[in-house]
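Asker:
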Amino acid sequence: MPCGGPTWIVLNAMLSGFFCIPGRSGVTLEKRVAMYKRRHKGRLLRLLVLGLLLAGSLQVYRWSRTNDPRFYLFLQSRPGKILGRIFHWGGPAHRPVPENKPEEELTGTERAVMRKMRQQMLARRARYRLVTAEGRELAGWIVQSNSQYVVFEEKYGASGALRIRIPAARIHILEPVPVRVPPITYRDIRFQMEFPSMQFYKKPPYSILTDESFFHVERSVRTLQELHAEFMRYFRALVARRNSPLPSLQVLFFSNEQQFRWYQKRYCRIPEPTSGFYSPSLRRLVIYNEKRTGWLRDLEEDLRKSTEESGLTKPEAALRKRKIERALLHEAEEKTFVTLRHEGAHQLFFAYGVHSDFRAENDWLLEGLAVFMETRPAGRKDPHRVSTLRKAAKENRLIPLKRLMDFRHVRGLLALGSSAKVELAYCQSWALVHYLMADPVRRNAFFEYIRYVRDPRHLHEIVRSPRLELLARFLKSTPEGITRKYRAYIGRL
């Protein structure tokens, strides 16, 4: 059919109407096709962006499930912080509180809390130092004084006070002491506002909130200060934040087990039946007194029943009961202070930048260093751990070193399974750190390994390299050589 015939004219008119855009009757076919292509490209671009976002989200989710250090590094980025708050990644939504804030920027409530904290700290500060002729030193207040005697008072926080009357002839030194109150930071103020009913203590570098007795707090503070001194003696060379103001080291000490468990469930990634934990996101050590725990009360009740049924006379039963109770209380107290040193060590390694902010360290390193600091003094050989290691070595049950060093999980070494295997993993991690710290040459190589792992520039290699091979590189050895020497070291412990 000729192209210019009537049928072609009708068909052309129909096609023109098909591609017609309402209100634009003069648009040509070529322009309409071009517009359609642009729209198609726009849709494809949007789908591509959505696909990339979905793939990125799935990758971040996978990293979070496998405890990958790239997940924690992402959380430090601006998008990561936003998404972390929305989805509660890395724990409950919690905005980091700045260490300090200009006083003029404080709210009225914050100023009132700061004044109250300062007044309480001033009230606890001793005004006089008294030394007796026998060399006993006291710090407190003069209640009454004359030529014959001095009534001297020592205060024990909210736990009471002790007044003693000392004859003037027995006083060797009696002098005023300067009253200085450590600076109260903005973090301290917010800390107190979070727990308004608790007592605040400031013993630099520690800020402590507790509802425990003064005497238990004093011993806890001494334990933490000893730990801090030992940490600096061993690891000062690894402190990464020397030139920046260091955060106050916060300690939250519960006497109530239920309150502790509630707080643990809310803020700890691993709500296990422990008596303490350190939260890197809160930058806070949280602990409670084992002497007040449920298992101890249950044991005491069992003890009471068994004593009643033993057939002993009342004096014999009372003596037996006191001995066992004393042993139980001593064990509970020691357990509390071992936990305090272990979790306190985690706090120091994170606060002073020995560990990375993005958790590049695998579980053996985190726990091995904490257990190394757990004993008093730090680095001492623990007979129980040595016995566990020797028995496992004899029975050929030691966890392969490569597997131990590559292991990481959101639940830490607890994810290994049975309590016996978890205990062995802690013991082996401690033994490896002990081996690396025992010799100056190995220690220097170990410190270089730690510096390398915590550097974000090496993250790409770190996530792909077996940790035993990486450590062998710094020790100028081979994985097989390190494994052989490590096993031999366990035999010599």
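Read in order, the letters of the sequence shown are residues 1 to 493 in this note's numbering. Glycine residues also receive a C-beta, built at the ideal position from the N, C-alpha and C atoms.
1) With respect to the alpha helix (DSSP H) encompassing H434, which residues constitute its N-terminal and C-terminal limits?
2) Work out the CA separation of F195 and D211 for me, nearest whole Å.
3) Measuring CB to CB, does R341 end up less than 8 Å from L227?
4) Counting along the chain, where does the alpha helix (DSSP H) carrying F447 start and finish?
5) Judging by CA-CA distance, which residue of Y267, P205, Y352 is the nearest neighbour of F235?
6) With DSSP as the reference, label Y156 as helix, strand or coil.
7) Just checking my contact of F248 with D188 at CB under 8 Å: how many whole Å lie between their CB atoms?
8) Output yes or no for whether 8 Å exceeds the beta carbon distance between G379 and M437.
9) Who are the Cβ neighbours of S279 in its own chain at under 6 Å, not counting the five residues just before and after it?
10) Cα separation between E175 and N289?
11) Among residues of its own chain, excluding the 5 on either side of L138, which ones have a beta-carbon nearer than 7 Å to its beta-carbon?
12) When the distance is taken between beta carbons, is R70 closer than 8 Å to V463?
13) Check whether the Cβ atoms of F231 and L348 sit closer than 8 Å, and answer yes or no.
14) Could you tell me the alpha carbon to alpha carbon distance between L475 and V433, rounded to whole angstroms?
15) Rounded to whole angstroms, what is the Cα-Cα separation between G344 and L224?
16) Quick one: give me the first and last residue of the beta strand (DSSP E) that D208 is part of.
17) Can you give me the C-alpha to C-alpha distance between A123 and G160, rounded to a whole angstrom?
18) Check T132 in the structure and name its three-state DSSP category.
19) Across which residues does DSSP place L162 in a beta bridge pair?
20) DSSP three-state call for R411: helix, strand or coil?
21) Below 8 Å between beta carbons: does that hold for D363 and R408?
22) Do you know offhand how far W295's Cα is from E367's?
23) Mind checking whether P178 and P204 have CB atoms under 8 Å apart?
24) Rounded to whole angstroms, what's the CA-CA distance from R39 to L54? Just pull it up for me.
25) Is V251 near Y206, with beta carbons less than 8 Å apart?
26) Determine the DSSP secondary structure at Y186, reduced to helix, strand or coil.
27) Suppose the cutoff is 6 Å on Cβ atoms and the five residues either side in sequence are ignored; what does the same chain contact list for G23 look like?
28) Give the single residue among Q59, F200, I166 whose Cα lies nearest to the Cα of R115.
29) Distance, Cα to Cα, I184 vs K421?
30) To the nearest angstrom, how far is the alpha carbon of L50 from that of L238?
31) Pull up the distance between the alpha-carbon of P479 and that of D439, whole angstroms please.
32) DSSP three-state label for S356, please.
33) Between the Cα of R180 and the Cα atoms of R170, K202, I164, R111, which residue gives the shortest distance?
34) Could you give the DSSP three-state label for L249: helix, strand or coil?
35) Only counting the same chain, and skipping five residues up and downstream in sequence, which positions put a Cβ closer than 8 Å to that of R451?
Answerer: A quick look at the data gives this:
1) H434 -> alpha helix (DSSP H) spans 419 to 437.
2) Roughly 10 Å between the two C-alpha positions.
3) For R341 and L227, yes; Cβs fall inside 8 Å.
4) Looking at the DSSP string, the run of the alpha helix (DSSP H) that includes F447 is 440 to 454.
5) The shortest C-alpha separation from F235 is found at Y352.
6) Residue state, collapsed to three classes: coil.
7) Note on identity: in this sequence residue 248 is Ser, with Phe being the wrong assignment. That pair is a contact at about 6 Å.
8) The criterion of a C-beta distance shorter than 8 Å is satisfied by G379 and M437.
9) These residues qualify, in order along the chain: Y267.
10) Their backbone Cα atoms lie some 37 Å apart in a straight line.
11) For L138, where only same-chain residues beyond five positions count, the Cβ hits under 7 Å are L130, F152, E154.
12) A contact, by the Cβ cut-off of 8 Å.
13) Closer than 8 Å, so yes.
14) L475 and V433 have their alpha carbons spaced roughly 13 Å apart.
15) Going by the C-alpha atoms only, they are around 7 Å apart.
16) A small correction: the amino acid at residue 208 is Ile; Asp does not occupy that position in the sequence shown. Its beta strand (DSSP E) spans residues 206 to 210.
17) Cα to Cα, A123 sits roughly 13 Å from G160.
18) In the structure shown, T132 sits in a strand (DSSP, three-state: E or B).
19) In DSSP, L162 forms a bridge with E154.
20) Annotated three-state conformation of R411 is coil, per DSSP.
21) Judged by their CB atoms, D363 and R408 are nearer to each other than the 8 Å cut-off.
22) The predicted position of W295 is uncertain, since its pLDDT is 47 and thus under 50; a value taken from the coordinates is nonetheless stated next. Per the coordinates, the alpha-carbon of W295 lies some 26 Å from the alpha-carbon of E367.
23) Taking a C-beta distance under 8 Å as the contact criterion, P178 and P204 do not qualify as a contact pair.
24) Whole-angstrom Cα-Cα distance: 23 Å.
25) In contact: V251 and Y206 (Cβ atoms closer than 8 Å).
26) Here Y186 carries a helix assignment [DSSP, helix/strand/coil].
27) Note that G23 scores a pLDDT of 46, beneath 50, so its modelled location is shaky and nothing firm can be said.
28) Of Q59, F200, I166, the residue nearest in Cα terms is F200.
29) Roughly 45 Å between the two C-alpha positions.
30) C-alpha separation (whole angstroms): 43 Å.
31) Cα-Cα distance, rounded: 18 Å.
32) Three-state result, S356: coil.
33) If we check each option's Cα against that of R180, K202 comes out closest.
34) Three-state DSSP puts L249 in a strand.
35) If we look at R451 and ignore the five residues flanking it on each side, its Cβ neighbours are L238.
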